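Right, one structure below, let's go through it.
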Amino acid sequence: MATNATFPPYEFYEGDSIVGIDAEIAAAIANYLGYELQIVDMEFDSIIASVQQGEVNFGMAGMTVTDERKEEVDFTYSYATGVQVVIVPEDSAIATLDDLAGKKIGTQLGTTGDIYSKDDYGEENVTKYGKGADAVIALKGGDVDAVIIDNEPAKAFVAENEGLKILETEYAVEDYAIAVSKENTELLGKINAA
Ligand code: ARG
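Residue numbers (the working numbering): 641 to 834.
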């Protein structure tokens with residue numbers, strides 16, 4: 641399993657081990673199918689290529705199903721809903737999605753939050769970070785005005801950092817699924833059955 645363990649509560653480090661919702665679901669699927677689960681941590685935007693090249697058998701990383709990604713990999717049935725949300729400082733004047741126009745937005749590189757905000761607010765206004773947590777540090781430091789990221793990690797980051805809040809407005813509602821190589825329809829079927 642390829643993942644990017646910077647995304648609590650789906651995948652994150654507890655000591656040296658990668659734990660979280662995805663790790664637990666993957667362990668249950670592997671157990672059901674009689675496989676041994678091995679988790680490989682990598683950059684989020686390397687996961688699809690790694691699946692395509694057969695370096696890993698599947699990718700599971702709170703990954704949103706999109707039409708573009710469907711051209712590159714197959715997705716299993718969706719196992720969760722994700723919502724792209726906006727994190728701002730508690731005293732921010734930003735209250736709606738429209739208020740983001742012309743503001744500096746931080747994202748995690750290669751995520752849907754990154755891709756959509758580039759389209760909606762302009763590439764020049766979006767700063768990409770390797771980890772969502774680093775975008776949040778930039779927000780606290782005033783380098784960006786808002787961070788667009790999935791709701792569950794957003795809640796975790798806001799809980800860990802004082803002075804931040806999540807806007808009520810949802811930016812995008814998405815389905816999470818497991819990515820499998822288009823050449824491995826057998827595994828796709830097995831995971832779906834499990
Ligand atoms: N749901 C978003 C996407 O698919 C973000 C996923 C980021 N996952 C991670 N493990 N860092 O683009």
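Cβ coordinates follow ideal geometry from the N, Cα and C atoms, glycine included. Every value quoted in this text rests on a predicted model; they were computed, and no experiment measured them.
Helix, strand or coil for residue i? Go by DSSP, reduced to three states.
i           : result
residue 814 : strand
residue 679 : coil
residue 719 : coil
residue 590 : It is not possible to answer for residue 590, since the shown part of the chain is limited to 641 through 834.
residue 782 : coil
residue 673 : helix
residue 745 : strand
residue 753 : helix
residue 825 : helix
residue 731 : coil
residue 761 : helix
residue 699 : strand
residue 656 : coil
Straight-line CA distance for residue i to residue j?
i           : j           : result
residue 780 : residue 823 : 44 Å
residue 671 : residue 658 : 17 Å
residue 709 : residue 813 : 16 Å
residue 796 : residue 790 : 10 Å
residue 729 : residue 743 : 13 Å
residue 733 : residue 714 : 41 Å
residue 655 : residue 649 : 15 Å
residue 804 : residue 699 : 31 Å
residue 768 : residue 831 : 32 Å
Suppose contacts are defined by Cβ-Cβ distances below 8 Å. Is residue i in contact with residue j by that definition?
i           : j           : result
residue 775 : residue 784 : yes
residue 681 : residue 749 : no
residue 666 : residue 641 : yes
So the candidates are the options; which of them puts its Cα closest to the Cα of residue i?
i           : options               : result
residue 786 : 750, 770, 800 and 754 : 754
residue 820 : 687, 767 and 794      : 687
residue 765 : 740, 736, 662 and 807 : 740
residue 692 : 646, 677 and 712      : 712
residue 792 : 677, 757 and 723      : 723
residue 810 : 727, 826 and 817      : 727
residue 816 : 662, 678, 747 and 762 : 662
Does the ligand FAD have even one heavy atom less than 7 Å from the beta-carbon of residue i?
i           : result
residue 809 : Of the ligands this structure carries, namely the ligand ARG, none is the ligand FAD.
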